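What follows is a single structure, written as structure tokens, with notes after it.
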DNA sequence: CATGGGATTGACT
DNA sequence: GTCAATCCCATGC
């Protein structure tokens, strides 16, 4: 289990260090293979507009889960980082499924492991993470994050799916995983190795 | 109080 | 490649 100090650092460092960690909720678990970092100083971050009812969670203490609804349909999971009062978080974008695959298949209505968690909305559905977990603790709550044993090789690139500050290279992928969401970062498109 | 857009996904051409 | 689904909330009148 990660501790609060792990999250109380630069959001970009945390985003890098979360790749390779195991995310767990109930009987389902997966290895984090893709993250993006967001900081209040740039307009793509929800916290950029300041403290509102929606962004309240982003300004809380490090190690809290920020879960919000995207496009009216999907729940997206973030880990709140840096000091309390600073709006910054790491978006968990993809997992390599490890445990509870059948539970994930039932929730997703799909079979292939690489389709179960290869996107931020997909993984919350697969793990059963909903908006009710917004504000819950990642260090002592229903969602757990377990430290990695070794650091994966990272592929970095611009964040995707956003219109503002789209040039910042704050997307971090496990360069050797085939469970990363599409499109893959340029550095990963040439040669592929099995996960 | 009305409106528009978004850190997405899946289905379709 | 395009596009609709669907809803919270920020913004503007």
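Numbering (our numbering), first residue to last: 78 to 272.
Beta carbons are placed, not taken as given, at the ideal position from N, Cα and C, and that holds for glycine.
All values derive from a computational prediction rather than experimental measurement.
Per-residue DSSP class, three states only, for residue 105: strand
Beta-carbon proximity check, residue 112 vs residue 96, cutoff 8 Å: yes
Residue 185 - DSSP class collapsed to helix/strand/coil: helix
Spatial distance of residue 147 from residue 153 (CA atoms): 7 Å
Contact check, residue 249 vs residue 227, beta carbons under 8 Å: With respect to residue 227, residue 249 sits apart: the two C-beta atoms are not nearer than 8 Å.
N- and C-terminal bounds of the alpha helix (DSSP H) containing residue 176: Not the alpha helix (DSSP H): residue 176 falls in the beta strand (DSSP E), residues 165-176.
Beta-carbon spacing of residue 183, residue 193 below 8 Å: no
Alpha carbon of residue 211 to alpha carbon of residue 263, nearest angstrom: 33 Å
Residue 234: first and last residue of the uninterrupted beta strand (DSSP E) it sits in: 231-234
Candidates 102, 229 and 144, of which the one nearest residue 175 by Cα: 102
Helix, strand or coil at residue 201 according to DSSP, with G and I counted as helix: helix
Cβ pair residue 119, residue 164 closer than 8 Å: No. Outside cutoff.
Assigned secondary structure, residue 148 (DSSP; H/G/I helix, E/B strand, else coil): coil
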